[in-house]
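Please read the structure below before turning to the comments.
Given below as structure tokens:
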């Protein structure tokens, strides 16, 4: 028999999570990107999107911030759709490095593939695969259109963030050329690096990210726009990647405590996917040492614990 959770219970858990953690002062903004250093660290929002398209929001859910590494999920889905899972396994891989998301050492140790599209090396490699190869404008249109479809809205480029990232991305430039050295980047390195930087600089809200998460939870069907974005069979592929490396070297701890595949970005956002149940997003700029929002982690963990939700429980749950 299905266990039922009412929308009122869900709303109460979301509201209580916001109240409990809005005064938390742990972590700090990602100051290695100058633009992010100056974002108000008190911003905090939580959003949940249900399979019927209804959204539950509390706090700063309409504030537009840099999507950053959460964009990796979208582009991973795009190349999975265009090339198929087996080709992605051959050209990039799906394994965690156990190292920081921007690790150069990981490439040197695992030069046969960039490990996964959800760390910087694999994400740059994934961007290089986006069609049409060699056409920067065409590739950007494909990347942006895909993210827009997942989020159910047109995401603008935050030009100041894009310039700030471009001026401080020496480490990613080294990654791009090292991938070139190993034959694991599939377009011009500078084109791929620029497009990767640009996609990370798109502005998104917590509400839009919850819709993106819900689209994954609903097997590629956007519950708000009522349009299919990607084939249903890719949900299990992308959620397995998120469960493996979504919060970088803290992912194992996260899955043990929370039991929800998630993906973070150094802009302060985190999305979580409970297949068939809901998509959740939380946003707050201060991050921990691995690059994950502190308040967002605490909020999502609290909601999961209060509602006894966990993908490993084997329990069937419905929201009514």
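Numbering (the numbering used here), first residue to last: -17 to 302. All C-beta atoms in this analysis are idealised placements derived from N, C-alpha and C, irrespective of residue type, glycine included.
(request) Using DSSP bridges, identify the partner residues of residue 204. (result) In DSSP, residue 204 forms a bridge with 209.
(message) In chain order, what are the residue ranges of uninterrupted alpha helix (DSSP H) at least 4 long that sit wholly in the segment 226 to 296?
(response) Listed in chain order, the complete alpha helix (DSSP H) runs (minimum 4 residues) inside the segment 226 to 296 are 233 to 240, 276 to 288.
(message) With distance defined between alpha-carbon atoms, name the residue in 186, 209, 146 nearest to residue 18.
(response) When each option's Cα is compared against that of residue 18, the closest is 146.
(message) Are the CB atoms of residue 210 and residue 250 within a distance shorter than 7 Å?
(response) Cβ atoms of residue 250 and residue 210: not closer than 7 Å.
(message) Taking the alpha carbon of residue 26 as the reference point, which residue from 254, 2, 150 has its own alpha carbon closest?
(response) Among 254, 2, 150, the Cα nearest to that of residue 26 is on 2.
(request) Kindly list the residues whose CB is nearer than 8 Å to the CB of residue 306, restricted to its own chain and excluding five residues on each side of it in sequence; keep chain order. (result) Past the boundaries of the shown model lies residue 306; the chain is included only from -17 to 302, so the question cannot be answered.
(message) Quick check: residue 158 and residue 171, are their CB atoms within less than 7 Å of each other?
(response) Cβ distance < 7 Å, so residue 158 and residue 171 count as in contact.
(request) Please name the residue in 116, 67, 66, 63 whose C-alpha comes closest to that of residue 175. (result) Ranked by how close their Cα comes to the Cα of residue 175, the residues 116, 67, 66, 63 have 116 in first place.
(message) Assuming contact is defined by CB atoms lying nearer than 7 Å, are residue 261 and residue 196 in contact in what I supplied?
(response) Contact: yes.
(message) If you follow the beta strand (DSSP E) that residue 179 is in, where does it begin and where does it stop?
(response) It is not in any beta strand (DSSP E) - residue 179 instead sits in the alpha helix (DSSP H) that spans 171 to 182.
(request) Output the distance between the C-alpha atoms of residue 119 and residue 113, rounded to the nearest integer angstrom. (result) Separation of residue 119 and residue 113 (C-alpha to C-alpha, rounded to the nearest whole angstrom) is 10 Å.
(message) For residue 278 and residue 252, I'd like the C-alpha separation in whole angstroms.
(response) Taking the straight line from one Cα to the other gives about 6 Å.
(request) State the beta-bridge partners of residue 41 as determined by DSSP. (result) Residue 41 is bridged by DSSP to 27.
(request) Please report the residue range of the beta strand (DSSP E) in which residue 301 lies. (result) Unbroken beta strand (DSSP E) run through residue 301: 299 to 301.
(message) Would you call the segment 32 to 51 in contact with the segment 62 to 70, where contact means no fewer than 3 C-beta pairs closer than 8 Å?
(response) Verdict: no, contact absent.
(message) If I measure Cβ to Cβ from residue -12 and keep anything under 8 Å in the same chain, skipping five residues before and after, which residues do I get?
(response) Counting only Cβ-Cβ distances below 8 Å, and skipping sequence neighbours, we find 301, 302.
(request) Would you tell me roughly how many angstroms separate the C-alpha atoms of residue 304 and residue 204, rounded to the nearest one? (result) Residue 304 lies beyond the residue range present for the chain, which begins at -17 and ends at 302; the question has no answer from this structure.
(request) Select from -15, -10, 98, -5 the residue whose C-alpha is nearest the C-alpha of residue 288. (result) Among -15, -10, 98, -5, the Cα nearest to that of residue 288 is on -5.
(request) Would you check if the distance between the CB atom of residue 256 and the CB atom of residue 242 is smaller than 7 Å? (result) In this structure, residue 242 lies closer than 7 Å to residue 256 by Cβ.
(message) From the DSSP secondary-structure annotation, give me the bridge partner or partners of residue 186.
(response) In the DSSP assignment, the residues bridged to residue 186 are 47.
(request) Consult DSSP for residue 139 and reduce its assignment to one of helix, strand or coil. (result) DSSP places residue 139 in strand when its eight states are reduced to three.
(message) Can you tell me where the alpha helix (DSSP H) holding residue -14 begins and where it ends?
(response) Here residue -14 belongs to no alpha helix (DSSP H); instead the beta strand (DSSP E) covers -15 to -13.
(message) Tell me which residues share the same chain as residue 83 and place their Cβ nearer than 7 Å to its Cβ, disregarding the 5 neighbours each side in the sequence.
(response) For residue 83, the predicted structure reports a pLDDT of 48, less than 50, and the residue's modelled location is therefore unreliable. A value from the coordinates is still provided. For residue 83, the CB contacts under 7 Å within the same chain, skipping 5 residues up- and downstream, are 51, 101, 102, 230, 273 in chain order.
(request) Starting from residue 125, trace the alpha helix (DSSP H) both ways and give me its first and last residue. (result) Where residue 125 is concerned, the enclosing alpha helix (DSSP H) stretches over 118 to 133.
(message) Among 232, 223, -10, 15, whose alpha-carbon lies nearest the alpha-carbon of residue 104?
(response) Here the closest residue by C-alpha is 223.
(message) One question on the structure: do residue 178 and residue 248 come within less than 7 Å of each other, judged by their Cβ atoms?
(response) In this structure, residue 248 does not lie closer than 7 Å to residue 178 by Cβ.
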